[in-house]
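These notes are about the structure you will find just below.
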Amino acid sequence: MSDQARTSKELCDELSALLEGPDAATVGKLLHFAEARQSPSGAPPPFGPPMPPRGEGPQAIGPWRPEQRNGEVIFVREEPNPLRERWGSVRAEIPARKASADTVRVCLIGESVGTGLHYAPEYSVGHVLQGHLDTLARRKGAGRFEVVDLSVNGMARFELMALFEAALQLQPDVFVVLAGNNFTFMMPRSPSEEARAAREGGYQGLLEYGRGVALREVDTIFDTLGDVARRAGTRVIFGVPVANHRDFATRQPVAWLPGDATPRWHELFERAEEAQRRGEHTATLELARQLVELDGRTCASSLRLLGTSLMALGREEEGRAALEAEVEAAVQNPWFAEVPRIAASLQDTIRRVAARQGFAVVDLPALLSEWTGKTSAGRETLLDSCHFEGGAQRLVTAALALEVARPGGSNDVLAKIQALADEGPKPTAEFDASVKFASAMSNASANDALAPVIGHWLEEALRLWPGMAEVIVDHMEMTTAPCPPFLTRAYARMKDRGYKLYFPFPGAAALSEILAVFRRRAPEKAAAVEQILQRHLGLDASGVDLSQQQYCLDWGERFMADWALGIRSDERTRFSRGTNLRAPWSRSRFFAIHDGRSDVHLNLVARLPEHGARREGMVAVSVNGVPVGEVAIGTAWTKHELVAKRELWKPGTNVVAVRWPMVPAAGEQPLADFIDRRERALPANPFPVFGELYHLVARTSGK
0 MSDQARTSKE
10 LCDELSALLE
20 GPDAATVGKL
30 LHFAEARQSP
40 SGAPPPFGPP
50 MPPRGEGPQA
60 IGPWRPEQRN
70 GEVIFVREEP
80 NPLRERWGSV
90 RAEIPARKAS
100 ADTVRVCLIG
110 ESVGTGLHYA
120 PEYSVGHVLQ
130 GHLDTLARRK
140 GAGRFEVVDL
150 SVNGMARFEL
160 MALFEAALQL
170 QPDVFVVLAG
180 NNFTFMMPRS
190 PSEEARAARE
200 GGYQGLLEYG
210 RGVALREVDT
220 IFDTLGDVAR
230 RAGTRVIFGV
240 PVANHRDFAT
250 RQPVAWLPGD
260 ATPRWHELFE
270 RAEEAQRRGE
280 HTATLELARQ
290 LVELDGRTCA
300 SSLRLLGTSL
310 MALGREEEGR
320 AALEAEVEAA
330 VQNPWFAEVP
340 RIAASLQDTI
350 RRVAARQGFA
360 VVDLPALLSE
370 WTGKTSAGRE
380 TLLDSCHFEG
390 GAQRLVTAAL
400 ALEVARPGGS
410 NDVLAKIQAL
420 ADEGPKPTAE
430 FDASVKFASA
440 MSNASANDAL
450 APVIGHWLEE
460 ALRLWPGMAE
470 VIVDHMEMTT
480 APCPPFLTRA
490 YARMKDRGYK
500 LYFPFPGAAA
510 LSEILAVFRR
520 RAPEKAAAVE
530 QILQRHLGLD
540 ASGVDLSQQQ
550 YCLDWGERFM
560 ADWALGIRSD
570 ERTRFSRGTN
580 LRAPWSRSRF
590 FAIHDGRSDV
600 HLNLVARLPE
610 HGARREGMVA
620 VSVNGVPVGE
630 VAIGTAWTKH
640 ELVAKRELWK
650 PGTNVVAVRW
660 PMVPAAGEQP
670 LADFIDRRER
680 ALPANPFPVF
690 GELYHLVART
700 SGK
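Laid out in structure tokens, this is it:
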């Protein structure tokens, strides 16, 4: 053994002894500070696995594995899983060699926007792009284009770089990249740097730290892509992503504020939401301004109220700026559900670093704004948070096709881009209806504030193809059944008709909107859905634990670390215990299906977090806004039972709400606790927790 090895072992033994002694916390802090300082920028190491070495011979490109046939390399697709298909293309084989010397091979690499979700794979971005390029080739009268679609839903940053490198085996002439909405997911956040940022700037410092990490990561990504492209002599076209500002909401509470500002913020927020529900836009605006002043523009929800009230009052430009700030705050908050969306600062960075690398940039936000005449994107162009509606998808791919075929083509006037888009392939009305229904379900998984958007896409689906009503009924049968969806007769019927729709449990907002739309358009379908819901989800004597994730009215009312693990089992009489529900809002809401014919016993097990001192308070329970009763709880788990009389229930979906005592004015202590835990590399949460539910079981009378 060398002297160096012996020295390393001795140092490790000494370090181990220190970590077991009374100075362990100090040693841990020093180690994390050293980790954060290992690069000149102080940035932590990049997230995700490094790009694998190429090795000898052909390497896999995603699910396409290399095979030798008659001296030629062919990349053969693994058998796709129809229930978990991530890739935009199900192409069976990709020859490494192009068909002819005059073929221009285009490799499309993108995240879900690049696949064309929810149109993929039948009407994917790659499919539409190929159609536009075929049109341009016919006009030119020579040569041909071949699009190789390597886009994949949920593509992470390191996956983009690995695919880019692997795709060189296909000898592409052009790369088209549609990515950026996922760049802020699972950022490499250093615990010690988070502690430093919070110490120096509070929660605002945490947001700025997260933004800085994201911008540095983008520099790394583009440096890598630029090196690969220059090595191969390949052109790169990058489409700047678009965020839905007007028709997609982010509901997040405020982080701990100093002094008594936290309880004051929550009281103001409830008043502002109520004013907005009543359509009192001037009052909402005034309350939103007070919220923003309290939280220092750090909370997405207060910025959302500010932006929407300004828009409603006709102050478009001010409203757009507030909604952009909403997205900036939302995407740097890893404590709540992460939704694919891009902030304006990241859009600007992509424009800058792409140009620095010599990439052609197709500015999709500017293009769509010119097309719609609106300063911010909404349902005219986007199905949900970021995915293109069919007309917008044709326009975007037309601009990309012009850039592929004729460098600088993306600078053509809108009329030329629109003309090419109009010649492109279009989905059938029946297929487009299924996409609009998928969009309604996608929005429903975000939060219940999107009910108008959910209703809009359901109406569009039925307008495009009335037969969609039968599919929706089968979808309700399939996804709410107490068994895996593919075991239901509804799934078999959908498969026989050629539908591959498969979504998770639809959620309260979707169920309510489906029933509302059907009652207007097809009352017999509403009755069919009501029967399905009562049969599969209706309250009965065996009991349903409403605190489990699928019954939460809004996923923003639960921390992501909790709901990601808290899905209950399909068995009605046994509960798969996930984590306890920790309430980040003063009210936790759940939905319950009931026929309204019997009383319901609500069994509640709850407690209050201490927040520095023992606490006691009253928890109020209501059904459809009508009080059921109050119970006293403290910092220890206690069990209570209330009876909600049948008069409070209506047939179909009902809302059960738990109102928690207001959190205390905790001063600076919560921030100090957060900093201390991050310095010790422990999980930490900068948000108040109003209360905790072990369970909330609803049983009808009779047992």
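Residue numbers (numbering that gives the first Met the number 0): 0 to 702. Here a beta-carbon is modelled for each residue, glycine too, at the ideal position from N, C-alpha and C. Note that the coordinates shown come from a computational prediction; the quantities given were computed from them, not determined experimentally.
- Look at E629 here: in three-state DSSP terms it is strand.
- Taken in chain order, the complete alpha helix (DSSP H) segments of 4 or more residues contained in the region 455-513 are 467-479 and 488-495.
- Collapsing the DSSP output to three states places A619 in a strand.
- In this structure, D148 sits away from S111, with a CB-CB distance that is not shorter than 8 Å.
- Between D294 and N653, the alpha-carbon positions lie close to 33 Å from each other.
- Put simply, of A228, Y202, S375 and G537 the residue whose alpha carbon is nearest the alpha carbon of V176 is A228.
- A straight line joining the alpha-carbon of G142 with that of C106 spans about 17 Å.
- Nearest in C-alpha terms to Q668, of all of A254, A521 and A508, is A254.
- Residue burial annotation: D495 is exposed, with fewer than 16 other C-beta atoms found within 10 angstroms of its C-beta.
- For Y693, the secondary structure class from DSSP, reduced to helix, strand or coil, is strand.
- Annotated three-state conformation of W584 is coil, per DSSP.
- With fewer than 16 other CB atoms across the displayed protein chains lying within 10 angstroms of its CB, F485 is exposed.
- In the three-state DSSP reduction, H131 falls in the helix class (H, G or I).
- V173 is bridged by DSSP to V105 and R234.
- Contiguous beta strand (DSSP E) elements confined to the region 397-421 do not occur, taking only those with 3 or more residues.
- Taking one beta carbon from each stretch, the region 326-341 and the region 288-304 have 3 or more pairs nearer than 8 Å; the two touch.
- By the Cβ test, the region 222-240 is in contact with the region 168-185, since at least three Cβ pairs between them sit closer than 8 Å.
- Contact between the region 587-597 and the region 643-653 is present, with at least three C-beta pairs closer than 8 Å.
- Here the region 118-126 lies against the region 424-444, with 3 or more beta-carbon pairs under 8 Å apart.
- Assignment of W86 by DSSP, reduced to helix, strand and coil, places it in the strand class.
- H600: member of the beta strand (DSSP E) spanning V599 to R606, first to last residue.
- Per DSSP, the continuous alpha helix (DSSP H) segment holding W370 begins and ends at L363 to T371.
- Per DSSP, L206 has no beta-bridge partner at all.
- Under a 10 Å Cβ-count criterion, G153 is classified as exposed, with fewer than 16 other Cβ atoms of the shown protein chains found around its own Cβ.
- Sequence-distant Cβ neighbours of L367 in its own chain, meaning closer than 8 Å and more than five residues away, are V241, A376, T380, A391, L394 and V395.
- A95 and T114 have their C-alpha atoms roughly 22 Å apart.
- K425 carries a coil assignment under DSSP once its states are collapsed to helix, strand and coil.
- For F144, the uninterrupted beta strand (DSSP E) segment begins and ends at R143 to D148.
- In the structure shown, the three-state DSSP call for K139 is helix.
- Secondary structure note for T652: its beta strand (DSSP E) is the uninterrupted segment G651 to R658.
- Under the three-state reduction of DSSP output, T699 falls in the strand class.
- If you check the CB distance, D362 and R350 come in under 8 Å.
- Residue environment for V625: exposed (fewer than 16 other C-beta atoms within 10 angstroms of its C-beta).
- In the displayed model, W63 falls within a strand according to three-state DSSP.
- D544 sits in a strand when the DSSP states are folded into three classes.
- DSSP, reduced to helix, strand and coil, places N442 within a helical segment of the structure shown.
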